[in-house]
Amino acid sequence: MQRTNILFSDFIKGLWQQNPTFRLLIGMCPTLAVTSQVQNGLAMGLATAFTLLASSIIISIFRNFIPKEVRIPSYIVIIATFVTIVSLFLKANFPEVSKALGPYVPLIIVNCLILGRQEAFASKNPVQRSIADALGMGIGFTLSLMVLASVREVLGMGTLLGHQVIFGNFRPWVIMLTPPGAFLTLGLLLGLINIIDKAVKARREKKQ
Amino acid sequence: MVKELILVFIATVLVNNFVLKYFLGICPFLGVSDNLSSAISMGFATTFVMTITAPVAWLINNYILVKFGLPFLQYVCFIIVIASLVQFVEMVIKKFFPLLHQSMGIYLPLITTNCAILFMALQLVLKDYSLIKSMVFGFGSGIGFTFAITIMASIREELKFQDVPESLKGPGITLIIAGILALIFVGLGGLIQVK
Chain F
61 MQRTNILFSD
71 FIKGLWQQNP
81 TFRLLIGMCP
91 TLAVTSQVQN
101 GLAMGLATAF
111 TLLASSIIIS
121 IFRNFIPKEV
131 RIPSYIVIIA
141 TFVTIVSLFL
151 KANFPEVSKA
161 LGPYVPLIIV
171 NCLILGRQEA
181 FASKNPVQRS
191 IADALGMGIG
201 FTLSLMVLAS
211 VREVLGMGTL
221 LGHQVIFGNF
231 RPWVIMLTPP
241 GAFLTLGLLL
251 GLINIIDKAV
261 KARREKKQ
Chain W
3 MVKELILVFI
13 ATVLVNNFVL
23 KYFLGICPFL
33 GVSDNLSSAI
43 SMGFATTFVM
53 TITAPVAWLI
63 NNYILVKFGL
73 PFLQYVCFII
83 VIASLVQFVE
93 MVIKKFFPLL
103 HQSMGIYLPL
113 ITTNCAILFM
123 ALQLVLKDYS
133 LIKSMVFGFG
143 SGIGFTFAIT
153 IMASIREELK
163 FQDVPESLKG
173 PGITLIIAGI
183 LALIFVGLGG
193 LIQVK
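First to last, the protein sequences are chains F and W.
61 is the number of the first residue of the first sequence in the numbering used here; add one for each residue after it.
3 is the number of the first residue of the second sequence in the numbering used here; add one for each residue after it.
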């Protein structure tokens, strides 16, 4: 029972408490770059989550064999291998997605989220806990990309996943699809999340 | 020839600014930009590494990967090259320029995970640049990064004395400022027709 509890808390912390995008502010480049459409955000999130999970498993298994002095280069090589697999897989099976993500697929290698989790978690914990942590962080990352992408796609094109959702006399805000829109949306979302967090905390204190 | 090189340089610094158009190097852009002098050090350290990485990546790609038909090893090779170059540059600077090492030493290891460098190396292969053009491209990308992070740091130094809404303090307001800066750089887009 106790063990399941630990695994569950390892998993759940990536979703809100230590959400990589909104809380830890890591892995920002793909977050901003590919979120002009929900479809691309989802693909990037899943690709990152897969790489994170696979490299966490490998590094956690070999954590006692990798010498401390060369651990960072070893981690990067392991991550780069999985990213190459993801990139070839996307190119072969989803050529359109691969084209849309373009140069940002190889950049998963240097996504600080992945290297950060290896350094902070997988290199110190057994395989099961590392899997739970990687799943939580990966899903948290994917969800935050989708939140950001939904805001940008709905306001920028009036569609969601390609379906028209806003009808009538709506004129799309083209700026949401351009780089400035990405920065502004994420900045305002961070502010919104701080407000929500404060309200939740105040309510909790009131109860006690 | 010279005209073409100048065009590549201006295009990478202003029109296709790495930070504000391609969202590269956002982590140092947010993390190191609260102080002007450390932002400038970070910028120059990155420029230095980029200028060296560009020709090395070009040589490895053309004389090893293409020649032996190993393009699928590109990612692994480039990231190893970048990581070892950063290490090498750090050792050289420590040995020959101890003063310089003191001011930018702590930023050097961070550069390995700066996505701008890997992106630059992959782009110059994709765009099929010549060796000299690659060097100008690498240097220009570094200067573009320095330019953006310096502007950001100057604004944030002023921001310390301003009344920012409680919930936007920290990264929130920084991202909004970056958005406005990006808007300005969109305006520079008409400067050059980039292929």
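Cβ atoms here follow ideal geometry from the backbone N, Cα and C, with glycine treated the same way.
These numbers come from a predicted model, not from an experiment.
Mark D193/F as exposed unless 16 or more other C-beta atoms lie within 10 angstroms of its C-beta, in which case mark it buried.
buried
Between the beta-carbon of L190/W and the beta-carbon of L75/W, is there less than 7 Å?
no
Do you know offhand how far G198/F's Cα is from V4/W's?
47 Å
Examine chain F for any beta-carbon lying closer than 7 Å to the beta-carbon of P173/W, and answer yes or no.
yes
Should V143/F be flagged as near chain W, meaning a C-beta pair shorter than 7 Å?
yes
Applying the criterion that 16 or more other CB atoms from any shown protein chain within 10 Å of the CB defines a buried residue, is F227/F buried or exposed?
exposed
Return the CA-CA distance between T108/F and L249/F, expressed in angstroms with no decimal places.
22 Å
Using 7 Å as the limit for Cβ to Cβ distance, is T55/W near chain F?
no
Evaluate contact between the stretch 125 to 144 of chain F and the stretch 52 to 64 of chain W, counting only Cβ atoms and requiring at least three cross-stretch pairs below 8 Å.
no
Alpha carbon of V94/W to alpha carbon of R131/F, nearest angstrom
22 Å
Could you spell out the range, first to last residue, of the alpha helix (DSSP H) harbouring V51/W?
L38 to I62
Decide if the stretch 112 to 131 of chain W is in contact with the stretch 79 to 88 of chain W; the criterion is three or more beta carbon pairs, one per stretch, under 8 Å apart.
yes
Suppose you measure from the CA of V187/F to the CA of S115/F; what does that come to, to the nearest Å?
11 Å
Classification of N64/W by the beta-carbon crowding that lies within 10 angstroms, buried from 16 upward:
exposed
CA-to-CA distance, F181/F to T64/F, given in whole angstroms:
18 Å
Write down the C-beta distance between G87/F and T95/F rounded to the nearest angstrom, noting that I regard them as a contact closer than 8 Å.
Between T95/F and G87/F the Cβ distance is about 12 Å, and since that is not below 8 Å, they are no contact.
According to DSSP, is Q89/W helix, strand or coil?
helix
Name the chain F residues that come within less than 7 Å of Q164/W, Cβ to Cβ?
Near Q164/W there are no residues of chain F at all, since even the closest Cβ is about 15 Å away, more than 7 Å.
Where the stretch 166 to 193 of chain F meets chain W: residues whose CB sits under 8 Å from a CB there:
P166, L167, I169, V170, N171, C172 and L175
Looking at chain W, which residues of the stretch 122 to 149 of chain F have a Cβ within less than 9 Å of any of its Cβ atoms?
I132, P133, I136, V137, I139, A140, T141, V143, T144, S147 and L148
Strand pairing of H103/W, partner residues [DSSP]:
None, per the DSSP bridge assignment.
Any idea what DSSP makes of T91/F, helix, strand or coil?
helix
Among the residues of its own chain, which have a CB less than 6 Å from the CB of L7/W, if the five just before and after it don't count?
V138
How do the stretch 171 to 180 of chain F and the stretch 95 to 105 of chain F stand: do at least 3 beta-carbon pairs fall below 8 Å, yes or no?
no
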